[in-house]
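Numbering-wise (full-length UniProt numbering), the sequence shown opens with residue 1 and increments by one.
As structure tokens, the structure follows; a few thoughts come after it.
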Amino acid sequence: MKTEVEKKKESPSVGVSGRKIIYDKDGKPCRTCNTLQDFQFATQGGSVAPTFNVKKPLKKNHPDTTSTDTVAGGYTKDQPPDVEQLGKSSWTLLHSVAATYPETPTSKQQADMKQFILLFGNFYPCWFCGKDFQEYIEANEVQTATQDDLGKWLCIAHNAVNKKIGKAEFDCNLWKQRWKDGWEK
Ligand SMILES: Cc1cc2nc3c(=O)[nH]c(=O)nc-3n(C[C@H](O)[C@H](O)[C@H](O)COP(=O)(O)OP(=O)(O)OC[C@H]3O[C@@H](n4cnc5c(N)ncnc54)[C@H](O)[C@@H]3O)c2cc1C
Numbered sequence: 001m002k003t004e005v006e007k008k009k010e011s012p013s014v015g016v017s018g019r020k021i022i023y024d025k026d027g028k029p030c031r032t033c034n035t036l037q038d039f040q041f042a043t044q045g046g047s048v049a050p051t052f053n054v055k056k057p058l059k060k061n062h063p064d065t066t067s068t069d070t071v072a073g074g075y076t077k078d079q080p081p082d083v084e085q086l087g088k089s090s091w092t093l094l095h096s097v098a099a100t101y102p103e104t105p106t107s108k109q110q111a112d113m114k115q116f117i118l119l120f121g122n123f124y125p126c127w128f129c130g131k132d133f134q135e136y137i138e139a140n141e142v143q144t145a146t147q148d149d150l151g152k153w154l155c156i157a158h159n160a161v162n163k164k165i166g167k168a169e170f171d172c173n174l175w176k177q178r179w180k181d182g183w184e185k
């Protein structure tokens, strides 16, 4: 029979990053809720963090590319996204959606956008991120009357996550420079 220490080691509560390890309902480490290194640490039962698959895949035709870096068809062996990669890509999508949302949307477009953001949270692959996001939406109604309203609402929502995870907040007066117009030289 396994001792408590052995069991704890198999399901570590803290990863190599110092962050809490998030598990799925089935008790397995959540791939999209943890960093890749923490996920690998947890799936290895809390042993020393492995270094395989952590390095960035080399570009096709890069001189250092070996046969293990690519699969048939020449695709690099990219890993499924971790919480950081998924987050960055998702915010890019959300802010870009706001940047192309009509300046004066119809009532249907406004209703559709509210639904989209709500469903986005509902199906977000990092389950605890999505749950918190849905709670945020319930407490802070999505603003869809104009493009600027939506862009600022998203920026403030993103800042709430930044604050929660200890990242710097963004100046929401600059959301259009970042996501729509670009910066002046
Ligand atoms: C809905 C949602 C909920 C999330 N919840 C969690 C969570 O609970 N725990 C967790 O660990 N991770 C969460 N994440 C992921 C997290 O927010 C980051 O995406 C991830 O940590 C990677 O951060 P990053 O430093 O690459 O920059 P990101 O925060 O991904 O930001 C990408 C870029 O957006 C710009 N930016 C930053 N802040 C703002 C802002 N307020 N408005 C406009 N632009 C901005 C910056 O240029 C930045 O480089 C969540 C992601 C999403 C989409």
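Where is the CB? At the ideal position from N, CA and C, for every residue including glycine.
Note that the structure is predicted; figures quoted are calculated from it, not measured.
_Cβ-based neighbour list, residue 188, same chain, cut-off 8 Å, excluding 5 preceding and 5 following_ = For residue 188 there is no data in the structure shown, the boundaries of the chain being 1 and 185.
*Mind checking which residues open and close the alpha helix (DSSP H) that includes LYS131?*
Locating residue 131 in the sequence shown gives position 131, where the first residue counts as 1. It spans 127-139 - the alpha helix (DSSP H) in which LYS131 sits, taken as one unbroken run.
*asked:* What I want to know is whether the C-beta of SER17 ends up closer than 7 Å to one or more non-hydrogen atoms of ligand 1.
replied: Here residue 17 is taken as the residue at index 17 of the sequence shown, counted from 1. No, the beta carbon of SER17 sits no closer than 7 Å to any heavy atom of ligand 1.
*With DSSP as the reference, label VAL14 as helix, strand or coil.*
Taking the sequence shown and counting its residues from 1, one reaches residue 14 at position 14. VAL14 falls in the strand class under three-state DSSP.
*Along the alpha helix (DSSP H) that carries ILE117, what are the first and last residues, could you check?*
Within the sequence shown, residue 117 is the residue found at index 117, counting from 1. Unbroken alpha helix (DSSP H) run through ILE117: 107-123.
_Bounding residues of the alpha helix (DSSP H) (the contiguous stretch that carries ASN159)_ = If you number the sequence shown from 1, residue 159 lands on position 159. Here the alpha helix (DSSP H) through ASN159 covers 147-164.
_Between the alpha carbons of GLY18 and GLN79, how many angstroms are there, rounded?_
The residue given as residue 18 occupies position 18 in the sequence shown. The residue given as residue 79 occupies position 79 in the sequence shown. The alpha-carbon atoms of GLY18 and GLN79 are separated by roughly 22 Å.
*Report all residues from its chain with a CB closer than 8 Å to the CB of TRP175; omit the five preceding and five following residues, and keep chain order.*
As a position in the sequence shown, residue 175 is number 175, starting the count at 1. Short of 8 Å from the beta carbon of TRP175, and not among the five residues preceding or following it, lie these beta carbons of its own chain, in chain order: HIS95, ALA98, GLY151, LYS152, LEU154 and CYS155.
*Would you say ASN173 touches ligand 1, meaning its beta carbon is less than 7 Å from a heavy atom?*
The residue labelled residue 173 in the question sits at position 173 within the sequence shown. Checking every heavy atom of ligand 1 against the Cβ of ASN173, none is found closer than 7 Å.
*asked:* Considering just the uninterrupted stretch of the alpha helix (DSSP H) at TRP91, what are its terminal residues?
replied: Counting from 1 along the sequence shown, the entry for residue 91 is found at position 91. 83-100 is the extent of the alpha helix (DSSP H) around TRP91.
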